[in-house]
Amino acid sequence: MHLHAQQSHPPAPLLTLNALDTLWLQVTGTLCNLACRHCFISCGPKNDNHPFMSVSQVAEAISGARAKGVRDYYFTGGEPFMHPDIFRLIDIALDAGPLTILTNGILIGADEAARCREIFDSSRHSFDLRVSLDGTSAAANDPIRGGGSFEKIMAGIRALADAGLNPVLTVTEVDEATPESREKFRTLLAAAGLQRPRMKFLAPFRIGREERRGRSYERFERLAEGDLIEGEEELLQCASSRMVTAKGWYPCPILIEESGARMGGTLEDATRAIRLDHPACYTCHVEGVSCRT
Ligand code: SF4
Ligand code: SF4
């Protein structure tokens, strides 16, 4: 299968699915309470191209994936906590295996944080949260994530900290990163009550809204056969995971709005090998993006 209709480039690497370890679920599709300028899938309050998944769609996908040996689950969106049945979905996933939710934290108040803490304490599988923020002040964050978002996201982080949870902060570095800029996030989290801050720093994918904010991929930013270094194939997210949305199955969470990326309507359809011919695959390669980063 081809992820991108580019005829004039040399053949891209073909990647087979090693073992399906991880299932990503786009539980709220492309609907989000923010419309960040760097969002690589152009999520926002008005983008319902991928709608919310129903409880039965989530349960069916998890059950099918579990039968294929999937060991852990990720909820993303859009904003997962916009889903009216989010806590039911969490129960379904945690019944099957460890769950991580990627959220902007805005809808997490004291009640939601307390509920997450109860789940954290009672689940036999691990439960983790990643909260995204892109600056250590409103002046740095809000031009990217929207006016007022810094304060709202920090309120969500503080609610989780007050409940005794320690979410991972995820930061997309649209500008050049320095050790000092990263240290500022550590200080911010410590001030919010997280004494052992956990952070992930991510490179932007130059597609979706980020393409309009920043720049498009250059012509040379494509993978060709032979470009992947030894051992890299197994580390790429798409070597061991797949993404499901209300509209079907995709190779990864990055490409759900890209033409040609849909692999089909069933998990079986999504187990085929993929050709890494989308320019975003170049970012995974040069930045070492994997499920573990
Ligand atoms: S980057 Fe995340 S929080 Fe921002 S619009 Fe996209 S999905 Fe929503
Ligand atoms: S964008 Fe990255 S994770 Fe997605 S198919 Fe390409 S290499 Fe794999």
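The sequence shown lines up with residues 5 to 297 when you count with our numbering.
Where a beta carbon is used, it is the ideal one built from N, C-alpha and C, also for glycine.
(request) Report the option in 74, 141, 196 whose CA atom is closest to the CA atom of residue 25. (result) 74
(request) Put residue 231 into one of helix, strand or coil per three-state DSSP. (result) coil
(message) By DSSP's criteria, residue 246 is part of a beta bridge. Which residues make up the other side?
(response) 27
(request) Quick one: grab the DSSP three-state call for residue 99. (result) helix
(message) So the candidates are 165, 180, 179; which of them puts its Cα closest to the Cα of residue 173?
(response) 165
(request) Determine, using beta-carbon pairs with one atom in the stretch 94–101 and one in the stretch 44–55, whether at least three such pairs fall under 8 Å. (result) no
(request) Select from 275, 286, 216 the residue whose C-alpha is nearest the C-alpha of residue 44. (result) 216
(request) Output the distance between the C-alpha atoms of residue 275 and residue 21, rounded to the nearest integer angstrom. (result) 6 Å
(message) Quick check on residue 46: does DSSP put it in helix, strand or coil?
(response) coil
(message) I'd like to confirm something about residue 250: is its beta-carbon nearer than 8 Å to some heavy atom of ligand 1, or not?
(response) no
(message) Going by the DSSP bridge assignment, what does residue 76 pair with across the sheet?
(response) 26
(message) The alpha helix (DSSP H) that contains residue 221, what's its start and end?
(response) Element bounds for residue 221: n/a, residue is neither H nor E.
(message) For a quick check, are the C-beta atoms of residue 18 and residue 228 less than 9 Å apart?
(response) no
(message) Run through the DSSP bridge pairs and tell me what residue 172 is partnered with.
(response) 134, 202
(request) Classify residue 246 as buried or exposed, calling it buried when 16 or more other Cβ atoms lie within 10 Å of its own Cβ. (result) buried
(message) Assuming residue 160 is part of the alpha helix (DSSP H), what are its boundary residues?
(response) 153–166
(request) Identify whether residue 104 lies in helix, strand or coil by the three-state DSSP scheme. (result) strand
(message) Taking the beta strand (DSSP E) that residue 252 belongs to, which residues open and close that run?
(response) 252–254
(request) Use the C-beta contact count for residue 210: other C-beta atoms within 10 angstroms, 16 or more gives buried, fewer gives exposed. (result) buried
(message) Quick check on the burial criterion: 16 or more other C-beta atoms within 10 angstroms. Buried or exposed for residue 191?
(response) exposed
(message) Check whether the stretch 177–188 and the stretch 152–168 touch, using three or more Cβ-Cβ pairs below 8 Å as the test.
(response) no
(message) On a Cα-Cα basis, can you pick out the residue from 218, 134, 155 that is closest to residue 142?
(response) 155
(message) Determine whether the beta carbon atoms of residue 226 and residue 286 lie at a separation below 9 Å.
(response) yes
(message) Taking 9 Å as the threshold (C-beta atoms), are residue 290 and residue 65 in contact?
(response) no
(request) Classify residue 192 as helix, strand or coil using the three-state DSSP reduction. (result) helix
(message) Which same chain residues end up closer than 7 Å to residue 90 when comparing Cβ atoms and leaving out the 5 residues on each side of it in sequence?
(response) 84
(request) May I ask you to report which of helix, strand or coil DSSP gives residue 268? (result) strand
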